[in-house]
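Please read the structure below before turning to the comments.
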Amino acid sequence: MRRTAFGLLTALCLALPAFAQEDPVQQTILNQIEAFKADDFATAFTFASPTIKSIFMSPENFGMMVKNGYPMVHRPGAVQMLEQREIAGRLWQKVMITDQSGRTHILDYQMIQTEEGWQINAVQLLPEPGVGA
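Counted the way mature numbering (1 follows the signal peptide of the UniProt record, and there is no 0) counts, the sequence shown spans residues -20 to -1, 1 to 113.
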């Protein structure tokens, strides 16, 4: 009986890493954010979709846009994945980023699957709750 329980426990422990693996969509976003934190714009650019690459043309242009337009992504304090959903046939991942001054931002990442894997096709900074037009 004890051996059976030990065997089951061992099998469960060996299987846990498989359950703990990250979602590939979320991992793409996290990998890009890590590249931004290191000012590695060349690597960050690899996670952008072909459409984004054609708009910015170079990692340097892309990096400058992120630094100026999305400083919370360039230098986040904390990153938390929220819900993932499909809208009009597109996959969107909501991400909560707390910047280094403690302010919270909600961003929506549109993701597409390419031959290179999941890539970021768009990012929207969502309005703060309670803020309307």
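Heads up, the beta-carbon is just placed ideally off N, CA and C, and yes, glycines get one too.
Fair warning: this is a prediction, and the values are worked out from it, not measured in the lab.
Under the three-pair Cβ rule at 8 Å, the segment 15 to 30 does not count as touching the segment 72 to 82. Here the segment 61 to 76 does not lie against the segment 39 to 51, with fewer than 3 beta-carbon pairs under 8 Å apart. Bounds of any alpha helix (DSSP H) do not take in residue 107, whose DSSP letter is neither H nor E.
In the same chain as residue 11, and ignoring 5 residues on each side of it, the C-beta atoms closer than 7 Å to its own belong to 27, in chain order.
Residue 77 holds the alpha-carbon nearest to the alpha-carbon of residue 88 among 77, 20, 21.
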